[in-house]
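Chains as they are written, first to last, in the working numbering: chain A, 1 to 568; chain B, 569 to 761. For each residue, glycine too, the CB sits at the ideal point set by N, CA and C. Contents: one structure, followed by commentary.
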């Protein structure tokens, strides 16, 4: 009795981070009967109060400006706006980071249960076979093939629910899809223009339910997914994975818990996770038999690098020196255009789901004419948007004047603007990585990250191709580009702005040049797994979330099995 | 408001579905409710005279026309006043701008401020400061103020029930499935080169 009273509980697994990867680990491990502790740096999510999707702007006094009109002075607390589902920011008070001179990088952090899955775009694309084994030799191969990952993509899609149609395109591998969503008027025009230019444009693959699934209601097409979804029709790890795991009784959630260090014993196994309990600003420990780190790629690297010991002077599991290195973000470029054919469009409800109902998968794989490697996909926006503060600021500034002429023009052109976004593959380079800053610590006393980041000619040329392609599409639609076009290289997104950080603890066969094996298990530390996008060897032009779920699922099943066998 | 709130609120499961075509009626009802509720108002941050001037200015920026009410009826001055009460920096921009405007009006129009000037005189003044191309040391404060005023009035108007109805936004409601009307597709197709 005395022993039980004195010893602190030991969990089978501690999962750090509650996003797509952490949520998947929590689900799979508790489904397998294991006792799991989940650390989340932010607060608990409460959809009924935190999700504002059905509010009209005038139902809030400040209509989204913020209680101190922050919007008008560039000081919004949430980067994605007041009405958006709880999201974080690139700048968080008390949690700074530094950027090396000559580099530009913005580091986004979401701090709430469910992480970025509460506000993500739901775009769910499988990596292609050639993404895993690239044919151009510019990056290392992955230690898995598409054939090996396909069943895990099946599981991920099957659980999340992803819309789409089977198209037989190598650059957009088919999955198990829910019925697609019908295109909007501007998307029909876009599709027609793409057809004229021999560019494929297919129904988008989105993690939004067009049929009920696993007790989650089908979407009711209010078009506000980015503001939250109380019916859980748009996928979040919080609602689909973590809440059910909490109900299982095998999950203990620690919110307001900032992971500080992975504690290892002399044999090099993780024995506990120490964390800062934010409310009391005290450091606590949770003992465990294994740990799954899913704090988001850079936060995960930071935790490993900050877990130093005589055995691991460069950070736990970092004998290769690769932790933090080969950081990538998606190549981003966008423009908006006015399409006269859509002016005075008969009013109707164009909401659907938030986000595109169609998209363009990469269409030039293997093309010898292009002057850059790999490729990108194209996203499209438009339609009659819910008016918000700022919806017409740019138009007013462009049109100038006032009065009936202004009012008429705004009404006539409402719904006539489209936006095109290119999202492409960055080739990882030696100049893009994160490391521990030698001086600064955050308000929890944890050494912060210092970022180095640079695009290369590969990415600049890719963006030039996007510009040319978008100009052709807009012209074919009879449209006119509405955003000023900066010269490349300014046109490319700032690193970190697309919020797809990857690659900071890559998997590979060789422990000298990689951190993890194919199961996202650390070469050096058998009871340490990683379940976000840190393990990703490359970052293809396919949004990472679906692959995070697939890899996290595979890793968690493997971990559970290894624990059952007594190997971990 | 209560009526609209009940219609638009949805429970987690067993969602009462609001057919798309009722959405327009709901939005219209809200607009009418809202206009009816705009009874007497005591400004929070602005003086009565500033508030009245702002209202008149807002109504010149987005006026009533045959289709819909203007920014005054939509409560634009009230919303801007609310923001001014929330942030001194913004209040200073507005009060400073209104004071500049009235000073300028009195100078040009024999002591008449914006509220007491004729429509033509107001137009003459606004035609100067509503366009960046008219920049000069003399007009720049007015131009900068008008940029703020136009932005805030548009924000206030188009996020109000009246402004939303003027645009014809009928979304943020529940639909059992998503389809766009044939008519809208054909309209756009015919106009595509």
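message = Based on DSSP bridge pairs, tell me the residues matched to residue 451/A.
response = Counting from one through the first chain, the residue named residue 451/A turns up at place 451. DSSP, once it has assigned bridges, lists 99/A and 434/A as partnering residue 451/A.
ask   = Taking DSSP as the reference, what is the three-state secondary structure of residue 589/B?
value = Start at 1 with the first residue of the second chain, and residue 589/B comes out as number 21. Its pLDDT being 49, under 50, residue 589/B is placed unreliably in this model, and the value from its coordinates should be taken loosely. Of the three classes helix, strand and coil, the one that applies to residue 589/B here is helix, per DSSP.
Assumed close pair residue 536/A, residue 107/A - CB separation to whole angstroms, cut-off 8 Å = Indexing the first chain from 1 puts residue 536/A at position 536. Indexing the first chain from 1 puts residue 107/A at position 107. With a Cβ gap of about 17 Å, residue 536/A and residue 107/A do not count as contacting.
ask   = Is residue 310/A buried or exposed, if buried means 16 or more other CB atoms sit within 10 Å of its CB?
value = By 1-based counting over the first chain, the position of residue 310/A is 310. Exposed is the call here.
message = Do residue 16/A and residue 360/A have their beta-carbon atoms positioned less than 8 Å apart in this structure?
response = The count along the first chain starts at 1 and reaches residue 360/A at position 360. The count along the first chain starts at 1 and reaches residue 16/A at position 16. Result no, Cβ atoms of residue 360/A and residue 16/A do not sit closer than 8 Å.
request  = Label residue 13/A either buried or exposed according to how many other C-beta atoms from any shown protein chain fall within 10 Å of its C-beta, with 16 as the threshold for buried.
outcome  = Counted from its first residue, the first chain places residue 13/A at position 13. Under a 10 Å Cβ-count criterion, residue 13/A is classified as buried, with 16 or more other Cβ atoms of the shown protein chains found around its own Cβ.
Neighbourhood of residue 287/A by C-beta, 8 Å cutoff - its chain only, sequence neighbours within 5 removed = By 1-based counting over the first chain, the position of residue 287/A is 287. So the list reads 8, 9, 10, 11, 271 and 272, once near-sequence residues are dropped.
Minimum Cβ-Cβ distance from residue 220/A to chain B less than 8 Å = Mapped onto the first chain, residue 220/A falls at position 220. Interface residue, yes.
request  = Compare the C-alpha of residue 148/A against each of 119/A, 550/A, 87/A and 563/A and name the closest.
outcome  = Locating residue 148/A in the first chain gives position 148, counting from the first residue. The candidate whose alpha carbon is nearest that of residue 148/A is 550/A.
query = From residue 738/B to residue 611/B, what does the alpha carbon distance come to, in whole angstroms?
reply = For the purposes of this step, residue 738/B is taken as the residue at position 170 of the second chain. For the purposes of this step, residue 611/B is taken as the residue at position 43 of the second chain. Taking the straight line from one Cα to the other gives about 32 Å.
query = Any idea what DSSP makes of residue 264/A, helix, strand or coil?
reply = Along the first chain, one-based indexing puts residue 264/A at 264. Residue 264/A: strand per DSSP, three-state reduction.
query = So, helix, strand or coil for residue 289/A, using DSSP?
reply = Counting from one through the first chain, the residue named residue 289/A turns up at place 289. Per DSSP, reduced to three states, the secondary structure at residue 289/A is strand.
inquiry  = Determine whether the beta carbon atoms of residue 167/A and residue 443/A lie at a separation below 8 Å.
reply    = Position 167 of the first chain holds residue 167/A. Position 443 of the first chain holds residue 443/A. Inclusion of residue 167/A and residue 443/A in the CB contact set at 8 Å is not warranted, their separation being larger than that value.
query = Helix, strand or coil for residue 225/A per DSSP?
reply = Residue 225/A sits at position 225 when you count from the first residue of the first chain. Of the three classes helix, strand and coil, the one that applies to residue 225/A here is helix, per DSSP.
task = At 7 Å on the CB atoms, spell out the chain A contacts of residue 735/B, in chain order.
result = The count along the second chain starts at 1 and reaches residue 735/B at position 167. Residues of chain A passing the Cβ test: 387, 411 and 414.
inquiry  = For the pair the region 550 to 568 of chain A and the region 338 to 351 of chain A, tell me if three or more CB-CB distances fall below 8 Å.
reply    = At 8 Å Cβ cutoff, the stretches do not touch.
query = Which of the three DSSP states, helix, strand or coil, is assigned to residue 243/A?
reply = In the first chain, residue 243/A corresponds to position 243, counting from 1. Collapsing the DSSP output to three states places residue 243/A in a helix.
message = Please tell me whether residue 124/A and residue 116/A are closer than 8 Å, where the distance is taken between their beta carbons.
response = Here residue 124/A refers to the residue found at position 124 of the first chain. Here residue 116/A refers to the residue found at position 116 of the first chain. Between residue 124/A and residue 116/A, the C-beta spacing is not below 8 Å.
query = Which class does residue 469/A belong to by DSSP, given the choice of helix, strand or coil?
reply = Within the first chain, the letter at position 469 stands for residue 469/A. In this structure, residue 469/A counts as helix in the three-state DSSP scheme.
ask   = Does the distance from the CB of residue 291/A to the CB of residue 327/A come in under 8 Å?
value = One-based indexing of the first chain puts residue 291/A at position 291. One-based indexing of the first chain puts residue 327/A at position 327. Judged by their CB atoms, residue 291/A and residue 327/A are not nearer to each other than the 8 Å cut-off.
query = Can the beta-carbon of residue 227/A be found less than 8 Å from the beta-carbon of residue 388/A?
reply = Translated into the one-based positions of the first chain, residue 227/A becomes position 227. Translated into the one-based positions of the first chain, residue 388/A becomes position 388. Residue 388/A is positioned such that its CB atom lies no closer than 8 Å to that of residue 227/A.
inquiry  = Please report the distance separating the alpha-carbon of residue 672/B from that of residue 704/B.
reply    = As a first step, residue 672/B must be located in the second chain, where it is residue number 104. As a first step, residue 704/B must be located in the second chain, where it is residue number 136. Rounded to whole angstroms, residue 672/B to residue 704/B spans 14 Å at the Cα level.
request  = Identify the contact partners of residue 633/B in chain A, using a Cβ-Cβ distance below 9 Å as the criterion.
outcome  = As a working mapping, residue 633/B is identified with position 65 in the second chain. 404, 407 and 408, listed in chain order.
message = Please state the DSSP three-state secondary structure of residue 757/B.
response = Counted from its first residue, the second chain places residue 757/B at position 189. Under the three-state reduction of DSSP, residue 757/B is assigned to helix.
message = I believe residue 380/A touches residue 518/A by the beta-carbon criterion, under 8 Å. Please report the beta-carbon distance rounded to the nearest angstrom.
response = For the purposes of this step, residue 380/A is identified with residue 380 of the first chain, where counting begins at 1. For the purposes of this step, residue 518/A is identified with residue 518 of the first chain, where counting begins at 1. With 8 Å as the limit, residue 380/A and residue 518/A do not qualify as a contact, their Cβ atoms being about 36 Å apart.
task = Would you decide whether residue 500/A is buried or exposed? Buried here means 16 or more other CB atoms lie within 10 Å of its CB.
result = The sequence position of residue 500/A within the first chain is 500, counting from 1. That one is buried.
task = Find the nearest neighbour of residue 637/B within the set 151/A, 408/A, 37/A and 544/A, judged by alpha-carbon distance.
result = Here residue 637/B is taken as the residue at index 69 of the second chain, counted from 1. The shortest Cα separation from residue 637/B among 151/A, 408/A, 37/A and 544/A belongs to 408/A.
query = Three-state secondary structure (DSSP) at residue 749/B?
reply = Taking the second chain and counting its residues from 1, the one referred to as residue 749/B is at position 181. In the structure shown, residue 749/B falls within a coil segment according to DSSP collapsed to helix, strand and coil.
query = Looking at the C-beta of residue 676/B, does it have a partner C-beta in chain A at a distance below 8 Å?
reply = Looking up residue 676/B in the second chain gives position 108. Chain A, which has no Cβ nearer than 8 Å to the Cβ of residue 676/B, makes this no.
request  = Could you tell me the boundaries of the beta strand (DSSP E) in which residue 564/A lies?
outcome  = Counting from one through the first chain, the residue named residue 564/A turns up at place 564. Counting along the chain, residue 564/A falls outside any beta strand (DSSP E), though it belongs to the alpha helix (DSSP H) covering 545 to 565.
ask   = Of the residues 616/B, 670/B and 753/B, which one's Cα is nearest the Cα of residue 645/B?
value = What you label residue 645/B is simply residue 77 of the second chain in a count that begins at 1. Measuring from the Cα of residue 645/B, the nearest candidate turns out to be 616/B.
ask   = Using 8 Å as the limit for Cβ to Cβ distance, is residue 68/A near chain B?
value = For the purposes of this step, residue 68/A is taken as residue 68 along the first chain, with counting starting at 1. It does: the Cβ of residue 68/A has a partner Cβ on chain B nearer than 8 Å.
CB contact check: residue 349/A to chain B, cutoff 8 Å = Taking the first residue of the first chain as 1, we reach residue 349/A at position 349. Judged by the 8 Å Cβ criterion, residue 349/A is in contact with chain B.
query = Does any CB atom of chain B fall closer than 8 Å to the CB of residue 550/A?
reply = Numbered from 1 along the first chain, position 550 holds the residue referred to as residue 550/A. With 8 Å as the cut-off, residue 550/A does not count as an interface residue toward chain B.
ask   = Nearest-angstrom Cα distance between residue 377/A and residue 628/B?
value = Along the first chain, read from residue 1 onward, the residue named residue 377/A stands at position 377. Along the second chain, read from residue 1 onward, the residue named residue 628/B stands at position 60. Rounded to the nearest angstrom, the two C-alpha atoms are 45 Å apart.
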